[in-house]
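Protein chains in written order, with my numbering: chain A, 2 to 354; chain B, 2 to 354; chain C, 2 to 354; chain D, 2 to 354.
There are 4 protein chains.
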Amino acid sequence: MKKIRAALLGATGAVGQRYINMLDRHPFITLEVLMGGESAGKKYGQAVHWLFPDAIPERFAEAQVRTARPESAEGCDVVFSALPSEVASEIEQDFAKAGFTLVSEASSHRMDPDVPLMIPEINPGHLELLEAQKKARGWKGAIATTPNCTVTGLAIVMTPLLDNFAAEKAIVTTMQALSGAGYPGVPSLAITENVIPYIKNEEEKVAKEAKKILGAVKGGAIVPHELPIGISCNRVPVIDGHTETLYAEFPKAVKPDQVARVLERFSGLPQKLRLPTAPERPIIVRRENDRPQPRLDRMSGSVPGMSVVVGRVRNGIDERSLQLTLLSHNTIRGAAGTAILTAELMQKEGYIG
Amino acid sequence: MKKIRAALLGATGAVGQRYINMLDRHPFITLEVLMGGESAGKKYGQAVHWLFPDAIPERFAEAQVRTARPESAEGCDVVFSALPSEVASEIEQDFAKAGFTLVSEASSHRMDPDVPLMIPEINPGHLELLEAQKKARGWKGAIATTPNCTVTGLAIVMTPLLDNFAAEKAIVTTMQALSGAGYPGVPSLAITENVIPYIKNEEEKVAKEAKKILGAVKGGAIVPHELPIGISCNRVPVIDGHTETLYAEFPKAVKPDQVARVLERFSGLPQKLRLPTAPERPIIVRRENDRPQPRLDRMSGSVPGMSVVVGRVRNGIDERSLQLTLLSHNTIRGAAGTAILTAELMQKEGYIG
Amino acid sequence: MKKIRAALLGATGAVGQRYINMLDRHPFITLEVLMGGESAGKKYGQAVHWLFPDAIPERFAEAQVRTARPESAEGCDVVFSALPSEVASEIEQDFAKAGFTLVSEASSHRMDPDVPLMIPEINPGHLELLEAQKKARGWKGAIATTPNCTVTGLAIVMTPLLDNFAAEKAIVTTMQALSGAGYPGVPSLAITENVIPYIKNEEEKVAKEAKKILGAVKGGAIVPHELPIGISCNRVPVIDGHTETLYAEFPKAVKPDQVARVLERFSGLPQKLRLPTAPERPIIVRRENDRPQPRLDRMSGSVPGMSVVVGRVRNGIDERSLQLTLLSHNTIRGAAGTAILTAELMQKEGYIG
Amino acid sequence: MKKIRAALLGATGAVGQRYINMLDRHPFITLEVLMGGESAGKKYGQAVHWLFPDAIPERFAEAQVRTARPESAEGCDVVFSALPSEVASEIEQDFAKAGFTLVSEASSHRMDPDVPLMIPEINPGHLELLEAQKKARGWKGAIATTPNCTVTGLAIVMTPLLDNFAAEKAIVTTMQALSGAGYPGVPSLAITENVIPYIKNEEEKVAKEAKKILGAVKGGAIVPHELPIGISCNRVPVIDGHTETLYAEFPKAVKPDQVARVLERFSGLPQKLRLPTAPERPIIVRRENDRPQPRLDRMSGSVPGMSVVVGRVRNGIDERSLQLTLLSHNTIRGAAGTAILTAELMQKEGYIG
């Protein structure tokens with residue numbers, strides 16, 4: 002496998018740290034350049050407020066953080082962006098103009114009609130937008146994006162429900178982890194022994210992004226899926242792992258057992274291609290009454306944190322409706338993991354490297 | 002106001018302690034007899050694992066816990082039961098046979114067709130079942146019950162939504178407090194930094210009980226409401242206060258502003274009768290984006306813990322659907338408070354005293 | 002009692018909010034002016050991120066926040082300062098120069114030799130420094146300060162241990178509440194399911210301030226007490242209430258029972274003068290094995306949050322040493338409450354009003 | 002290396018589960034027999050309330066739990082006991098009489114004068130008590146024990162402080178994890194947003210056991226060390242990892258830097274013998290101000306959870322005193338890990354196998 006050299010924008014943030022963790026031993030992506038804002042010029046190990054129990058891999062601890070501009074990434078095949086959305090838009094465009102291919106976790110460009118919003122198991126074909134994007138914008142490079150951490154688990158579970166059972170409506174309530182808000186993020190005085198029933202802009206993002214991801218490419222643009230989605234987002238005192246309850250309606254009766262089997266058999270192109278960050282099972286179904294639980298199940302699966310864990314599959318108000326609970330690791334499957342998986346797919350498909 | 006003498010079954014449990022708290026300064030109900038199981042014979046202050054910050058009111062601390070049998074309650078006008086459901090059924094029947102009127106928080110008799118399941122703001126007329134009950138069972142006394150702590154807030158909010166907007170469907174997700182499981186209840190090792198997506202038997206109870214409460218008396222029995230209810234119950238690391246997201250559908254378009262005004266104007270017989278435990282507003286509506294929050298809002302209102310706090314009233318997937326978040330204090334409005342309010346209503350209506 | 006008009010610097014912060022709470026119904030101090038930085042010009046209710054369950058008292062919610070300069074406080078008899086220490090020094094001096102008497106919770110001036118550091122039960126006589134201060138600085142006004150939230154409980158408990166048993170050494174470990182760091186303060190990602198064994202500058206402050214508070218006035222300055230104090234400060238996931246373990250050594254054998262009795266009989270000038278914010282018992286002693294606990298005991302006593310709660314009084318490594326656990330509400334006794342009590346004492350003693 | 006066959010008493014409890022985890026891939030100890038009380042006769046996977054994120058290793062999930070009696074362990078070379086202390090005494094004696102060598106985590110026999118209380122880095126020579134024990138009791142087998150989870154970290158850190166600096170006094174405050182109380186253990190209603198300043202019998206155990214572990218064998222019995230230890234034990238809302246502050250006094254001045262170096266160089270016989278569960282460094286010293294933290298540091302080291310992590314090494318009240326914070330994983334180093342390490346040492350020294 003041809004090696005790919007990667008650069009990382011926003012290397013010291015909470016999501017940036019996940020990239021460091023996940024790319025430390027990647028079989029063919031070598032993270033060579035760390036870039037930051039205020040941290041530029043310092044050693045990474047000194048600039049970062051490291052959030053994980055495992056130590057910073059030594060070669061990164063000693064690496065110097067570079068300024069976030071195209072020259073810093075010279076020679077790299079792909080640029081991952083873990084920038085905060087407020088600053089991402091302009092910087093990312095500068096890199097694309099300079100000829101770099103970006104995979105961005107920021108929300109700035111997610112809803113641009115010519116920018117693919119990728120979950121490789123669901124919409125690998127959306128990558129073809131990249132050509133139209135280059136042409137339309139006159140860029141040498143291009144931007145691919147990955148979705149909001151809350152939509153990822155939901156979109157993965159909805160895919161087999163739509164494909165196999167033609168789901169017609171989705172009502173979702175989330176119980177989201179603290180790491181979704183980054184660091185410092187949610188003040189402890191706000192969330193201790195509490196639930197906060199609101200996350201700014203989150204509900205709008207989830208509905209819009211899900212429809213784009215589940216949509217189809219027609220004439221160089223995405224026709225969004227029309228699934229009606231109602232959603233209520235809540236913050237709970239959990240470190241990692243977004244839990245979501247899903248109520249869905251269908252045109253015909255659905256049997257929970259059958260749905261469960263369909264969910265756990267769901268598989269996509271990344272599994273076929275045996276991409277290194279693709280979990281054997283994108284969806285793991287638990288049969289116990291009281292699972293999934295974020296603390297116990299967020300790191301499940303063959304690639305820890307990349308599988309969505311589903312449980313409590315049962316009918317809803319009648320035979321034509323379904324209820325289940327899903328859990329998705331918000332900084333792995335919901336951020337760095339899906340971006341890395343996207344880069345792996347892009348490499349295989351010839352978009353980078 | 003004629004004084005009422007009360008006895009309490011299950012006085013040392015978590016819910017029993019709430020009765021002690023709430024009846025300490027009641028204007029016309031005097032709690033005279035505390036009864037318990039293993040604690041019988043001991044002083045209450047020594048037998049109880051007291052859970053509240055405020056000290057045990059002195060006269061209760063020094064009171065002797067009596068054995069849970071009818072003779073212990075001689076001379077009392079009403080018997081509150083905070084017994085665990087496993088043991089409640091038989092003991093409560095013994096008291097009813099012996100001529101006592103009970104208000105029970107246990108689930109044992111809630112779904113008996115001739116037993117009223119009371120939320121005084123919603124179904125004061127259900128008390129008429131008591132006569133049929135006495136006749137059918139040949140008892141001198143009778144049993145009234147109050148609902149599960151999770152259904153209370155939901156049923157109160159659904160009432161104006163049904164009465165004014167003819168709601169046709171309710172999809173609910175709960176985030177329930179630890180105190181709902183009693184003491185010792187949920188192990189800290191299970192719930193710390195976690196969400197548990199299951200509470201045994203809870204979902205079935207909520208749906209069934211809500212339909213009974215919202216139902217109509219016909220021919221000496223309740224005809225349950227037919228509202229379809231889908232529900233997912235979760236435990237979160239919060240001490241008191243059940244938070245619930247509600248998605249509802251309606252036959253016509255509903256305007257969130259108008260719904261909010263209807264909710265906050267909701268009022269019932271207890272408010273008209275100015276019962277001491279009736280809050281001025283059964284439903285308080287918050288307009289801020291990020292409320293209600295259990296730690297901040299659970300003790301809201303003119304009778305702390307007796308108002309349901311609603312926020313985030315907004316449309317759902319379209320104009321004919323609605324989403325909101327509600328918060329209800331599970332051991333006050335959801336247990337002891339509603340039982341005391343029921344006893345107050347029963348006294349006014351001539352069922353006790 | 003002559004009314005006192007008060008102004009408040011730093012009104013929107015976490016400690017500022019406590020003043021609003023505590024002064025809302027004060028018998029003779031009327032809070033008339035709220036001052037702030039970025040919030041100046043806004044209505045208080047809109048400018049503040051209100052942290053408490055009880056609503057903002059209406060007259061404060063509607064009050065306009067004024068700029069933090071002397072003109073804003075014209076006509077006030079006392080100015081409370083809840084400013085962050087970084088900005089307090091200069092602003093407070095401006096007010097003192099302009100003729101105001103300040104009671105400040107900020108650390109900037111606490112260790113100035115001519116500034117009293119007050120816990121009214123311990124060192125009411127230190128107020129005499131105010132005259133020397135005015136003279137030396139050529140100010141018309143003056144600054145009195147109150148100590149760090151962690152030293153307050155410790156100093157109160159040490160006073161009877163020093164006076165009655167001549168304590169010779171104190172080794173202290175603290176488990177401090179989140180509110181001690183203000184808002185937003187400690188990130189939830191840092192403290193959830195965790196202990197942080199360090200609080201910046203805290204250990205130095207506690208030792209120095211305790212020695213000053215326990216010291217004696219000689220020749221217009223404080224001679225600090227020489228008690229050796231060893232201290233380890235930790236942050237724990239508790240909202241309010243600093244818990245501290247104390248190990249102390251004595252020249253002779255001490256009996257835990259006798260010590261407990263001496264502690265609970267401790268009383269000072271504020272109790273003698275029946276100041277409104279003086280608790281009947283500055284120290285409450287609990288005899289149960291497992292108390293004090295912050296969630297249960299932080300609001301104990303006749304003036305909630307103003308009593309230090311002590312438990313587990315027992316010998317240490319031998320008969321001449323003692324161990325106990327103490328709990329002190331960090332934003333009431335450790336901040337606003339002690340400042341208000343100081344103002345009450347100053348009024349009685351003729352320093353203000 | 003000769004293989005050792007092991008049996009496990011108390012296999013379904015919280016500590017029992019750690020053995021399953023740690024012995025799953027052990028190079029020479031094969032866990033062959035799981036024994037339990039009420040769970041006897043069931044499959045382990047069905048009998049256990051599994052507490053860890055990683056799944057139960059398959060061969061154990063399918064294993065049948067046997068009755069806790071000697072016949073069940075036939076053919077085994079060593080029996081680990083993770084029994085609750087209430088039931089351990091008699092059952093363990095039955096096994097010893099029947100000829101088995103036990104390594105027990107229960108407290109029942111820890112303080113018996115002829116029973117070694119082992120931390121292999123500190124007192125490997127105490128194993129010689131086993132011969133005297135067999136003789137005195139007329140048993141074919143014997144019992145070795147490992148200490149309370151709170152004493153382990155403390156004893157390891159005290160060893161180089163005693164050996165190199167002749168420490169004369171230790172004042173300790175603990176902040177202990179929930180898993181130390183087993184499952185269900187501490188009720189969430191008791192510990193959420195709280196600290197409990199008491200753990201039953203814990204302080205007595207720590208002082209006594211530390212002195213025995215640090216003692217010397219003389220004439221077939223242990224002469225306990227005379228170090229005076231004062232200790233205050235607290236429970237905090239942390240899942241795993243006991244944090245302890247230590248204040249110690251010395252006959253001469255000690256330099257924190259030098260102490261830190263001595264601590265991190267500490268090593269024992271298990272390191273020399275390269276036992277598989279022996280961490281490269283029994284003590285890891287962190288130089289950052291705010292470490293160790295239980296959530297970040299409890300799994301440190303070459304054998305995760307087996308190293309004690311020390312930080313904040315500094316002088317105390319003067320140059321002859323020292324303060325530091327230590328962290329020890331309570332169910333690994335403080336329980337199963339030290340027991341397994343003891344068995345490894347016993348095998349090497351010819352006591353088993």
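Glycine included, every Cβ here is placed at the ideal spot set by N, Cα and C.
*asked:* Can you pull out the residues from the segment 221 to 255 of chain C whose beta carbon lies closer than 7 Å to at least one beta carbon of chain A?
replied: P238, I240
*asked:* Give me the residue from B:T151, B:I172, B:N124, B:L128 with the minimum Cα distance to I200 (chain B).
replied: B:T151
*Name the two residues that bound the continuous alpha helix (DSSP H) containing T246 (chain D).*
No alpha helix (DSSP H) holds T246 (chain D); the beta strand (DSSP E) holding it covers 243 to 250.
*Show which residues of chain B have a CB atom less than 7 Å away from the CB atom of E194 (chain C).*
T193, E194
*Indicate, with yes or no, if the ligand PLP has a heavy atom lying under 7 Å from the CB of V224 (chain C).*
Absent from the structure shown: the ligand PLP. Ligands present: none.
*Consult DSSP for S180 (chain B) and reduce its assignment to one of helix, strand or coil.*
helix
*Going by beta carbon distance, what residues of the same chain come within less than 8 Å of L228 (chain A), once the five residues before and after it are set aside?*
M159, L163, A168, E169, K170, A171, A211, K212, L215
_Residue from D:R287, D:S322, D:N290, D:K3 whose Cα sits closest to the Cα of A254 (chain D)_ = D:S322
*Kindly indicate which residue of D:P54, D:L24, D:E194, D:G220 has the alpha-carbon position closest to the one of G302 (chain A).*
D:P54
*L274 (chain C) to E345 (chain C), Cα distance in whole Å?*
10 Å
*Give me the Cα-Cα distance between I285 (chain D) and L264 (chain D), rounded to the nearest whole angstrom.*
8 Å
*Residues from the segment 159 to 184 of chain B in contact with chain C, defined by Cβ distance under 9 Å*: none
*From G37 (chain B) to E203 (chain B), what does the alpha carbon distance come to, in whole angstroms?*
26 Å
*Using 8 Å as the limit for Cβ to Cβ distance, is T332 (chain A) near chain B?*
no
*Quick one: measure Cβ to Cβ for R315 (chain C) and Q324 (chain C), integer angstroms, because I've assumed they're closer than 8 Å.*
5 Å
*Tell me, please, whether the CB atom of S189 (chain A) is closer than 8 Å to any CB atom in chain C?*
yes
*Mind checking K206 (chain B): buried by the 16 CB within 10 Å criterion, or exposed?*
buried
*What residues in the segment 22 to 52 of chain A bring their beta carbon closer than 8 Å to a beta carbon of chain C?*
L52
*Look up L32 (chain A) in the DSSP assignment and say whether it is helix, strand or coil.*
strand
*Hey, out of B:A99, B:P85, B:E122, whose CA is closest to H110 (chain B)'s CA?*
B:P85
*Where does G231 (chain A) fall in DSSP's three states?*
strand
*Among A:G186, A:F101, A:F166, which residue has its Cα nearest to the Cα of W140 (chain A)?*
A:F101
*Entirely within the segment 117 to 193 of chain B and at least 4 residues each: give me those alpha helix (DSSP H) ranges in chain order.*
130 to 138, 150 to 166, 189 to 192
*Which of the residues in the segment 288 to 319 of chain D, read from start to end, lie with their CB under 8 Å from any CB of chain C?*
N290, D291, R292, P293, Q294, P295, R296, L297, G312, R313, G317, I318, D319
*Would G186 (chain C) count as contacting chain A if we go by Cβ distances under 8 Å?*
yes
_Assuming Q18 (chain B) is part of the alpha helix (DSSP H), what are its boundary residues?_
15 to 24
*For the candidate residues A:A222, A:A12, A:V16, A:A336, whose alpha-carbon lies nearest to that of G46 (chain A)?*
A:A12
*How many Å lie between D291 (chain D) and R313 (chain D) at the Cα?*
8 Å
*Opening and closing residue of the beta strand (DSSP E) in which G338 (chain C) lies*: No beta strand (DSSP E) contains G338 (chain C), which is instead part of the alpha helix (DSSP H) from 338 to 349.
*asked:* So with CB distances below 9 Å, who are the chain A contacts of P121 (chain B)?
replied: Correct list: empty, because the minimum Cβ distance to chain A is about 27 Å.
*Check the Cβ of T326 (chain B) against every Cβ in chain A and list those closer than 7 Å, keeping chain order.*
P198, S233
*asked:* Among the candidates C:N165, C:P117, C:K44, whose CA atom is the shortest distance from the CA of Y352 (chain C)?
replied: C:P117
_Interface partners of S322 (chain B) on chain A, CB under 8 Å_ = G231
*asked:* I need the DSSP call for A261 (chain B), collapsed to helix, strand or coil.
replied: helix
_C-beta atoms of V16 (chain C) and K43 (chain C) nearer than 8 Å_ = no
*asked:* Taking only three categories from DSSP, how would you classify I284 (chain B)?
replied: strand
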